[in-house]
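Only one structure is covered here, and it is reproduced in the block below.
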Amino acid sequence: MREWIKANAGKTYKNFINGEWIESVSGKTSVLYESAIPTNELGHFPDSVIEDVNLAVEAADKAFQQWKNTPGTTRASVLYRFADLLEANVEELAYILSAEQGKVLAESRGEVKRAATEARFSAGEAMRMDGAIMPSENPEIQTQVKRYPIGVIAAIAPWNFPVVTPVRKVAPAIAYGCTVVLKPASVTPWSTIRLMELLAEAGLPNGVVNLVIGSGSKVGDPLVSHPLVKGISFTGSTALGLRINEIAASKLAKTQLELGGKNAAVVLDYDNLEYAADQIVSAAFAVSGQRCTAISRVIVLQDQANSLVEILKTKMENILVGPAWEENVTMGPVINRQQFDSVMDYIELGKKEGAELVYGGERLQVGEKEEGYYIQPTLFTKVNKTMRIAKEEIFGPVLVVMEASDVAEAIELANATDYGLAVSVFTNQLDVSHDISDKIDTGMVHINHGTASQAHVPFGGVKQSGFGAYSIGHSNQEFFTSMKAVYVKPR
Ligand code: NDP
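In this text, residue positions in the sequence shown follow numbering that gives the first Met the number 0: the first is 0, and each later residue adds one.
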């Protein structure tokens, strides 16, 4: 990987608009640095402005006039080829992803393969758009409900999953007959350059998917508020999601918002704590905890608390922290200085709030000099529901443990946050698992396993974790299409 990155570093990249690579109208670029060695330049990427957004949206709108009438089988065939190309290029994409994001190669390979699976599921959706023929009040009139693609979609992605999140938005848009302007996070634009090349190679017509790279502060508002943008699929922080929703509401555009999380693992008299701890540690520290579905709270009944904490600590000791290119490493750095400072501030806050730091909590030096922002996997106990570390999304390798006296209190603690994305429950009792599914307010519930989702099952959250149609599954149809009621008098 090191040789590949060195050989491919330093190039200047452009936006992808109407099937062509075009410099930003600003004429400016920003430098992207490697996450694990932040002094290494990876490349120069466009510093786009409103004029670039306008060009991309106009190209997408023009392409929509054709694409919406292209048969579903043709749209699907592009996506099947794209999925094959993702798999054929898994190593190269994984290198790019690990270089800009910092996650270990095994995670990057997994992300690319997951993106291919989601693209294949979306391909099938092109022929699963459904409608209805309904009974009529009048025997001379037939009544139907049909679905139509809504038009140009603004797809805005965060930096933690630079391959799968863009694909999760672009693939269903293609399938349902929409067109797209994609804006990746400004710290992870490189993966999306490669995605555009693969889409073109798969035979996607010009203008169906366009890429505008630049900072959210310059291109975010112009993209979201553009009159030709009919839907905004956004994954990112809750604060930005709220702002985007306000702008969209002012022009009646649709939104699909996937926002933050503060996900709990609830352990209730479970007979296999080793297994529960394996699942929790894996869900808490994958991608260095920078996942919206990361488990960041453990809620355990008092009787099992000490035993579970001891097992968690042992499993955390086995996490090997280091750079992506060392194949035996299991956790990379956090993405950059800003994220590092934010996570370390939360660790200090946890100490001040009176929580007990029982593992980790320090910066780790990997290699000879201090390069990359590595943080030890961190565990706090004696955490209560009023502490900020128990309520706020830390988005780093930090896990907190809270004790409950009974199942009712465990449910109350699980709900004691503004977020509602995912929960894991470990229990031997079927009745308790049903009760918990009903009473914990999250979009996704996992019984006796971590928070891993599947590539065809609706994915989303409630409360401050999401809004609009769930992504990934058939639920996407609600966002990417609109309904038309048709009354037909045949003669
Ligand atoms: P941000 O909300 O900071 O940014 C997300 C995207 O929005 C980036 O591309 C950003 O661009 C862009 N953006 C910035 N300003 C604007 C604006 N005014 N208008 C439109 N877009 C704008 O999130 P992060 O990238 O920091 O990602 C982390 C967050 O994402 C976490 O809260 C996490 O929980 C959430 N997330 C949720 C998931 C889910 O499925 N629920 C999955 C993954 C992450 P730029 O990079 O240039 O600032």
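Even glycine gets a Cβ: it sits at the ideal position worked out from N, Cα and C.
Buried versus exposed call for residue i [16 or more other C-beta atoms within 10 Å across all chains shown]
| i | result |
| --- | --- |
| MET315 | buried |
| GLU139 | exposed |
| ILE410 | buried |
| PRO134 | exposed |
| LYS261 | buried |
| ARG74 | buried |
| VAL490 | Looking at the sequence itself, residue 490 is Arg, so the reference to Val does not match. Label assigned to ARG490: exposed. |
| ILE132 | exposed |
| ARG193 | buried |
| MET401 | buried |
| ALA247 | buried |
| PHE251 | This sequence places Leu at residue 251; Phe is not what is there. Per the 10 Å Cβ criterion, exposed. |
CB contact flag (residue i, residue j, <8 Å)
| i | j | result |
| --- | --- | --- |
| ILE212 | PRO165 | no |
| ALA122 | ALA174 | yes |
| ILE279 | TRP189 | no |
| PRO332 | SER287 | yes |
| GLN289 | PHE394 | yes |
| SER432 | VAL422 | no |
| GLY419 | SER464 | yes |
| LEU210 | PHE63 | no |
| TRP158 | THR187 | yes |
| GLY371 | ALA8 | no |
| ASN475 | PRO70 | no |
| HIS473 | ARG167 | no |
| ILE471 | HIS455 | yes |
| ILE310 | GLU273 | yes |
| GLY150 | LYS229 | yes |
| ASN17 | ALA58 | yes |
As assigned by DSSP and simplified to three states, the class of residue i
| i | result |
| --- | --- |
| ASN383 | coil |
| THR292 | coil |
| GLN375 | coil |
| LEU348 | helix |
| PHE160 | coil |
| THR450 | coil |
| HIS43 | strand |
| GLU355 | strand |
| ARG127 | coil |
| ASN209 | strand |
| ALA468 | coil |
| SER423 | strand |
| ALA98 | helix |
| LEU29 | In the sequence under discussion, the amino acid at residue 29 is Ser, which differs from the Leu named in the question. In the structure shown, SER29 sits in a strand (DSSP, three-state: E or B). |
| PRO138 | coil |
| ARG362 | strand |
| ALA403 | strand |
| LYS253 | strand |
| PHE233 | strand |
| PRO171 | helix |
| LYS488 | coil |
Distance cut-off 7 Å: residue i Cβ against heavy atoms of ligand 1
| i | result |
| --- | --- |
| ASN159 | yes |
| ALA184 | yes |
| VAL461 | no |
| LEU398 | no |
| ALA75 | no |
| ASP417 | no |
| LYS236 | According to the sequence as given, residue 236 is Ser; it is not Lys. Because some heavy atom of ligand 1 lies under 7 Å away, the Cβ of SER236 counts as near it: yes. |
| PHE394 | yes |
| VAL179 | no |
| GLY260 | yes |
| ASP220 | yes |
| LEU194 | no |
| VAL223 | yes |
| ILE155 | yes |
| SER464 | yes |
| LEU210 | no |
| GLY215 | yes |
| ILE16 | no |
| GLU110 | no |
| LEU378 | no |
| ILE173 | no |
| GLU257 | yes |
Cβ of residue i within 8 Å of any chain D Cβ
| i | result |
| --- | --- |
| THR187 | This model lacks chain D altogether, as it is built from one protein chain only. |
(message) Whether or not the stretch 196 to 213 and the stretch 225 to 244 are in contact is what I'm after, with contact meaning three or more pairs of Cβ atoms, one per stretch, closer than 8 Å; do they touch?
(response) At 8 Å Cβ cutoff, the stretches do not touch.
(request) Mind the definition here: the stretch 140 to 147 touches the stretch 109 to 117 only if three or more C-beta pairs lie below 8 Å; say whether that holds. (result) Judged by Cβ distances under 8 Å, the stretch 140 to 147 makes no contact with the stretch 109 to 117, as fewer than three pairs qualify.
(message) Would the stretch 37 to 48 count as touching the stretch 213 to 220 if we require 3 or more Cβ pairs under 8 Å?
(response) Contact holds: three or more Cβ-Cβ distances are below 8 Å.
(message) Could you check whether the stretch 351 to 363 touches the stretch 388 to 401, counting it as contact only if at least three pairs of C-beta atoms, one from each stretch, sit closer than 8 Å?
(response) Cβ pair count under 8 Å is three or more, so yes.
(message) For the stretch 266 to 286 against the stretch 228 to 238, do three or more pairs of beta-carbon atoms, one drawn from each stretch, fall closer than 8 Å, so that the two count as touching?
(response) Contact between the stretch 266 to 286 and the stretch 228 to 238 is absent, because fewer than three Cβ pairs lie under 8 Å.
(message) For the stretch 78 to 92 against the stretch 25 to 33, do three or more pairs of beta-carbon atoms, one drawn from each stretch, fall closer than 8 Å, so that the two count as touching?
(response) Counting C-beta pairs with one atom in each stretch, the stretch 78 to 92 and the stretch 25 to 33 have fewer than three that are closer than 8 Å, which means they do not touch.
(request) Report yes or no: do three or more beta-carbon pairs, one from the stretch 315 to 329 and one from the stretch 342 to 350, lie closer than 8 Å? (result) No, they do not touch.
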